[in-house]
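Visitor:
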Amino acid sequence: MPNGNLMIEFMSLKEKLLSSYLAFEDNLEADSPIHELRNKAIKNFEQKGFPTKKEEAWKYTSLNALLKNDYSVFPKQLDKSIDFKDVKKYFLHDIDTYKVVFVDGVYSSFHSETTHDQIDVCLMSSALNKTKYKPVIEAYYNKIAEDDSLTSLNTAFAKEGAYIHIPKHKEVEKPIEILYFSTGNEAAVFLQPRNLIVVGENAHVQIIERHQSLSKNEVLTNSVTEIFAEKRAFVDYYKIQNNVASASLIDNTYIAQERESNCKVHTFSFGGKLTRNNLNFYQNGEYCNSTLKGVTILENKQHVDHNTLVHHIAPNCESHQDYKGIFGDASTGVFNGRVIVEKDAQKTDAFQQNNNILVDDKATINAKPQLEIFADDVKCSHGCTIGQLDEDALFYMRSRGIAKKEARALLMYAFANTVLESVKIPELKRRINKLIAHKIGVNLGFEV
Amino acid sequence: MGKFTEDDLKKELETKEYEYGFYTDIESDTFPVGLNEGIVRAISEKKEEPEWMTTWRLEAFRYWQEMVEPEWANVHYEKPNFQNISYYSAPNKKPKYNSIDEVDPELLDTFKRLGISLDEQKKLAGVAVDIVMDSVSVATTFKKTLAKKGIIFCSISEAIKEHPELVKKYIGSVVPQRDNFYAALNSAVFSDGSFCYIPKGVRCPMELSTYFRINQAGTGQFERTLVIADEGSYVSYLEGCTAPSRDENQLHAAVVELIALDNAEIKYSTVQNWYPGGKDGKGGVYNFVTKRGICEANAKISWTQVETGSAVTWKYPSCILKGDNSIGEFYSIAVTNNYQQADTGTKMIHIGKNTKSTIISKGISAGKSQNSYRGLVKINPKADNARNFSQCDSLLMGNDCGAHTFPYIEVKNKTAQVEHEATTSKIGEDQIFYCNQRGINTEKAIALIVNGFSKEVLNKLPMEFAVEAQKLLEISLEGSVG
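Top line first, the protein sequences correspond to chains X and W. Numbers 1 to 448, taken from my numbering, label the letters of the first sequence in order. Numbers 1 to 482, taken from my numbering, label the letters of the second sequence in order.
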């Protein structure tokens with residue numbers, strides 16, 4: 001018969017989260033409007049539980065191995081802060097940026113550079129608690145996030161993250177970096193950051209999001225980001241996923257676009273143990289433009305799952321998806337792209353492309369590009385390929401004295417590099433270029 | 001002549017009645033409704049089957065009882081009540097004719113209306129027809145010619161009696177009894193179907209064909225087809241069907257198994273035109289079919305289908321490319337109109353080395369119909385140099401219909417080369433304008449464009465079938481395709 005302590009150890013993560021919620025709830029203000037939302041969300045999570053492979057959307061990705069870890073749901077705070085010199089390389093330190101930095105889920109004012117001057121680049125916790133933000137929270141918070149179990153789990157526990165509000169006609173002069181560090185001072189941590197980004201009419205913003213673990217301990221991040229692009233707003237969002245091999249990420253991003261807005265999300269997945277990107281676009285107004293691009297380069301037993309949705313609700317919109325993947329060793333890539341065109345969304349132009357290269361015999365790619373179309377006057381297409389490098393191109397290079405290994409690397413670099421064309425921050429582009437070159441093992445020999 | 005617009009076409013489509021909707025009054029020997037072990041035994045007994053077949057059916061029935069109806073397909077319909085169906089019905093006067101004159105004139109009339117003239121086909125087309133009227137085959141032609149070559153082409157019940165060693169070896173080898181809900185049901189209660197065996201190295205001199213027809217009201221039909229092409233042989237098999245108008249939903253759950261041994265080739269073509277239901281979405285046939293073929297080394301299986309009928313279609317003719325250098329092909333046109341729903345596609349499972357597969361799927365949706373392509377391309381770790389090309393194009397006519405694509409691609413071998421592309425569009429105004437400009441009226445232009453859209457698949461049909469396929473496209477879409 002196991003004793004009480006052992007029982008707790010055997011308690012599933014779900015049960016642990018549910019009981020932690022009770023403790024968490026006691027410390028919350030009872031009259032907060034968010035409180036009701038949290039209660040509903042935790043009930044929803046309790047009902048649905050963690051997704052399993054039986055669900056169509058999770059057919060190719062299993063969380064089972066991750067959920068076995070004994071995570072600390074409210075990580076203890078480290079006594080001393082992290083040194084800037086240790087984490088400098090994770091910042092775009094060559095250029096001036098706004099920074100919102102979190103260490104183990106808690107805001108680090110030392111590393112951050114926030115502002116309230118014309119624009120709000122600050123904290124979710126203050127937005128949730130201060131009365132002056134109440135109208136914004138009421139209008140936007142949890143309005144487009146779906147009620148699937150993981151998003152609900154985040155809604156129940158979310159208390160910190162980045163809050164960015166760009167008012168009308170404001171063009172933000174420098175990029176905003178959102179960084180989440182985990183120090184791993186405990187065995188395993190479970191983090192649930194929550195971001196809210198509201199971009200007003202005709203406003204422009206560039207945002208870079210990154211999750212970084214600083215230790216070898218297990219980290220599981222279940223992040224939710226809601227982005228609202230008002231009329232003619234311009235949002236340029238970059239996700240850099242180059243975490244250590246013990247870190248896993250479930251990213252749930254929801255983007256609502258109004259008339260003539262333009263949103264781009266670039267996802268660069270090079271690191272981490274398991275990464276799941278749930279990227280959802282909702283085109284509510286006419287003449288919207290959505291771009292989803294990604295480069296995935298994996299090795300060892302890494303697993304990356306891109307689960308995208310572009311929901312064309314209004315007419316005359318465009319969407320463009322381009323995902324490239326290179327899979328080495330025993331890594332697994334999943335691409336599950338959905339394009340839905342509603343009956344009223346006439347004149348939609350939707351394009352989706354997914355190209356993959358398998359480098360090693362144990363690597364796997366599972367692709368499921370779906371089109372669901374209910375309108376007739378549309379132009380929708382998707383293409384998906386899995387193949388090898390062009391033998392002729394390889395031969396051409398080798399006949400000019402480039403070694404096979406190098407020639408292969410160069411071709412792969414060129415294959416992945418096309419996605420970078422639309423990266424608008426030169427410093428970031430240079431960095432990612434280097435990252436890709438390093439990942440593939442190509443010695444560029446020239447400065448990009 | 002007035003201008004024929006897309007709206008006119010839509011109106012025409014809505015009012016187009018099912019041309020083959022008639023009902024032949026032949027006294028039938030029908031079982032009471034319901035399904036239990038007793039019924040399964042009774043079917044087996046009625047067919048004078050040996051003990052092992054009865055046991056096989058009962059096994060399937062037990063599996064079926066434990067299974068639940070699948071719900072993942074993108075179709076919505078009222079679930080059939082399996083206890084409300086009669087599982088056996090056979091034409092009463094079971095004659096053994098030597099000449100066509102002896103056949104029940106009413107039957108002959110039915111075939112005439114279907115456009116099948118036995119004697120004419122005998123002479124002109126060189127097609128041997130094994131006609132399944134409800135469940136029992138009543139006429140088999142050209143049997144003697146085929147027998148000379150050693151080809152066995154008969155009903156499955158006959159095969160069970162006369163060639164038990166072949167049936168025993170291959171039945172359920174590609175689609176096991178417990179494969180899925182409908183396959184299990186079929187395995188338990190199949191009433192009849194066709195059996196075909198081509199001996200080693202024989203090239204079947206004619207297109208083999210069967211016509212299936214649901215006739216008795218309230219009878220589900222459960223055919224079982226087994227085609228075995230022995231080493232180095234070739235056969236082209238045609239299957240076509242039309243069903244009379246009925247308001248009550250009729251269930252059709254067939255199983256087709258193809259076995260292509262080393263170096264063999266099987267070409268299997270289907271034209272499906274079951275009753276699609278009225279324009280208000282009432283009635284129509286539920287078509288839940290399991291079709292699968294297995295290819296040994298250097299073998300080839302080619303599926304061609306023209307799906308125009310049925311209220312609900314759930315059908316994925318698949319190829320298991322087991323042997324090295326084997327080839328799988330799938331060519332499909334699926335047309336849906338009014339309230340029809342189709343969820344169809346294929347599975348290509350690459351197991352052997354240097355295996356190749358091609359998928360060409362054309363979906364045309366009109367009215368308030370929903371048309372889905374669902375396919376799987378799977379490259380196993382040992383399938384070196386596997387190659388797949390898939391193309392799924394959808395054409396939408398009108399704003400109340402939907403076209404969906406759900407391709408699944410799973411690759412576990414680095415030498416694989418897989419390409420998938422899909423497009424969805426409507427008939428371009430510029431295309432119609434171009435035709436108009438050259439003196440082709442809009443009606444003709446639409447016909448031309450639809451025909452061109454489906455040409456890649458129509459071309460794959462055998463000559464004898466191409467005519468009928470065009471006819472069915474006409475009924476389903478408009479008056480002037482072709």
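Glycine included, each C-beta is placed from N, C-alpha and C at the ideal position. None of the values given here were measured: they were computed from a predicted structure.
For the alpha helix (DSSP H) that Met412 (chain X) lies in, which residues bound it at each end?
Guide: Unbroken alpha helix (DSSP H) run through Met412 (chain X): 404 to 417.
Visitor: Identify which residue in W:Cys435, W:Ile379, W:Gly352, W:Thr145 has its Cα closest to the Cα of Met206 (chain W).
Guide: Taking only the C-alpha atoms, the option nearest Met206 (chain W) is W:Thr145.
Visitor: Mind checking who Thr424 (chain W) pairs with in its DSSP beta bridge?
Guide: Paired residue(s): X:Cys380, W:Ser394.
Visitor: List, in order along the chain, the chain W residues whose C-beta lies closer than 9 Å to that of Gln388 (chain X)?
Guide: Correct list: Lys414, Thr415, Ala416, Gln417.
Visitor: Could you pull out every residue in the same chain whose Cβ sits closer than 7 Å to the Cβ of Arg387 (chain W), ignoring the five residues on either side in sequence?
Guide: Cβ within range, chain order: Lys356, Gln417.
Visitor: Starting from the C-beta of Asn44 (chain X), find all residues in its chain whose C-beta is less than 6 Å away, skip the five residues before and the five after it, and write them out in chain order.
Guide: Cβ within range, chain order: Asp147, Ser152.
Visitor: Give me the Cα-Cα distance between Glu51 (chain W) and Gly38 (chain W), rounded to the nearest whole angstrom.
Guide: So the alpha carbons of these two residues sit roughly 15 Å apart.
Visitor: If you run the structure through DSSP and keep just helix, strand and coil, what is Lys362 (chain W)?
Guide: Three-state result, Lys362 (chain W): strand.
Visitor: What is the residue span of the beta strand (DSSP E) that Pro407 (chain W) lies within?
Guide: Element bounds for Pro407 (chain W): 402 to 411.
Visitor: Skipping 5 residues on each side, what residues in its chain have a beta carbon closer than 6 Å to that of Ala183 (chain W)?
Guide: Only Val175, Val255, Thr290 meet the Cβ criterion.
Visitor: Please determine if the segment 288 to 305 of chain W and the segment 314 to 321 of chain W are in contact, where contact requires at least 3 C-beta pairs separated by less than 8 Å.
Guide: Counting Cβ pairs under 8 Å, three or more are found: they touch.
Visitor: Among residues of its own chain, excluding the 5 on either side of His438 (chain X), which ones have a beta-carbon nearer than 7 Å to its beta-carbon?
Guide: Within the same chain, His438 (chain X) has no close Cβ partners at all.
Visitor: Can you give me the C-alpha to C-alpha distance between Phe234 (chain X) and Val103 (chain X), rounded to a whole angstrom?
Guide: Roughly 29 Å separates the two Cα atoms.
Visitor: Given this structure, state the Cα-to-Cα distance separating Ala367 (chain X) from Pro426 (chain X), to the nearest angstrom.
Guide: Cα to Cα, Ala367 (chain X) sits roughly 32 Å from Pro426 (chain X).
Visitor: Met348 (chain W) bridges to which residues according to DSSP?
Guide: DSSP output for Met348 (chain W) lists W:Cys319, W:Val377 as bridge partner(s).
Visitor: Just to confirm my understanding: we take Leu376 (chain W), look at its own chain, exclude 5 residues before and 5 after, and list those with CB closer than 6 Å. What are they?
Guide: Excluding positions up to five away in sequence, the list reads Lys347, Tyr408.
Visitor: Have a look at W:Asn74, W:Arg438, W:Gln250 and flag the residue whose alpha-carbon is nearest the alpha-carbon of Asn81 (chain W).
Guide: For Asn81 (chain W), the nearest C-alpha among the options comes from W:Gln250.
Visitor: Can you name, in chain order, every residue of its own chain whose Cβ lies under 6 Å from the Cβ of His320 (chain X), other than the five neighbours on each side?
Guide: Excluding sequence neighbours, His320 (chain X) sits near Thr291, Phe351.
Visitor: Which residues mark the beginning and the end of the alpha helix (DSSP H) in which Lys300 (chain W) is found?
Guide: Unbroken run through Lys300 (chain W) is the beta strand (DSSP E), 300 to 307; no alpha helix (DSSP H).
Visitor: If I'm right that Lys168 (chain X) touches Ala139 (chain X) with Cβ under 8 Å, what's the distance once you round it to whole angstroms?
Guide: Contact doesn't hold; Cβ gap of about 15 Å is too wide.
Visitor: Please determine if the segment 340 to 360 of chain X and the segment 374 to 381 of chain X are in contact, where contact requires at least 3 C-beta pairs separated by less than 8 Å.
Guide: Result yes; three or more Cβ-Cβ pairs closer than 8 Å.
Visitor: Can you have a look at Ala414 (chain X) and say buried or exposed, based on whether 16 or more other CB atoms are within 10 angstroms of its CB?
Guide: Classification for Ala414 (chain X): exposed.
Visitor: Go ahead and label Ser399 (chain X) buried or exposed: buried means 16 or more other beta carbons lie within 10 angstroms of its beta carbon, across all protein chains shown.
Guide: With fewer than 16 other Cβ atoms within 10 Å, it is exposed.
Visitor: Consult DSSP for Arg292 (chain W) and reduce its assignment to one of helix, strand or coil.
Guide: Strand, per DSSP.
Visitor: Say whether the segment 269 to 285 of chain X touches the segment 314 to 331 of chain X, bearing in mind that this needs 3 or more beta-carbon pairs closer than 8 Å, one atom from each stretch.
Guide: Because the criterion of three Cβ pairs below 8 Å is met, the segment 269 to 285 of chain X and the segment 314 to 331 of chain X touch.
Visitor: Exposed or buried, what is Arg213 (chain W) when buried is set at 16 or more other beta-carbons lying within 10 Å of its beta-carbon?
Guide: Any answer about Arg213 (chain W) is weak, because its pLDDT of 45 lies below 50 and its placement is not dependable; what the coordinates show is given next. So Arg213 (chain W) counts as buried.
Visitor: In the DSSP assignment, what residue or residues form a beta bridge with Arg210 (chain X)?
Guide: Its beta-bridge partners are X:Leu179, X:Ile240.
Visitor: Would you mind giving the Cβ-Cβ distance between Met397 (chain X) and Ala407 (chain X), rounded to the nearest angstrom? I have them listed as a contact below 8 Å.
Guide: About 4 Å separates the two Cβ atoms, so the contact holds.
Visitor: Using DSSP with H/G/I as helix, E/B as strand and the rest coil, what is Tyr90 (chain X)?
Guide: Residue state, collapsed to three classes: helix.
Visitor: Is Phe82 (chain W) close to chain X, meaning its C-beta is less than 8 Å from at least one C-beta of that chain?
Guide: For Phe82 (chain W), the answer is no, since every Cβ of chain X falls outside 8 Å of its Cβ.
Visitor: Which residues, in order along the segment 392 to 414 of chain W, keep a beta-carbon less than 8 Å from a beta-carbon of chain X?
Guide: Answer set for the segment 392 to 414 of chain W: Ser394, Leu396, Met397, Gly398, Asn399, Asp400, Cys401, Gly402, Ala403, His404, Thr405, Phe406, Pro407, Tyr408, Ile409, Glu410, Val411, Lys412, Asn413, Lys414.
Visitor: Per DSSP, what kind of secondary structure is Asn451 (chain W) in: helix, strand or coil?
Guide: Asn451 (chain W) falls in the helix class under three-state DSSP.
Visitor: Going by Cα to Cα distance, which pick from X:Gly383, X:Met412, X:Cys384 is closest to Glu391 (chain X)?
Guide: The residue with the shortest Cα to Cα distance from Glu391 (chain X) is X:Met412.
Visitor: If you measure from the beta carbon of Ser20 (chain X) to each beta carbon in chain W, is any gap under 8 Å?
Guide: For Ser20 (chain X), the answer is no, since every Cβ of chain W falls outside 8 Å of its Cβ.
Visitor: Does Asp134 (chain W) come within less than 8 Å of chain X when only Cβ atoms are used?
Guide: Interpretation of Asp134 (chain W) is limited by its pLDDT of 45, a score under 50 that renders its predicted location unreliable; the figure taken from the coordinates is listed afterwards. It does not; no Cβ of chain X falls within 8 Å.
Visitor: Does the count of Cβ pairs from the segment 185 to 196 of chain X and the segment 66 to 73 of chain X closer than 8 Å reach three?
Guide: Output reads yes: the segment 66 to 73 of chain X touches the segment 185 to 196 of chain X.
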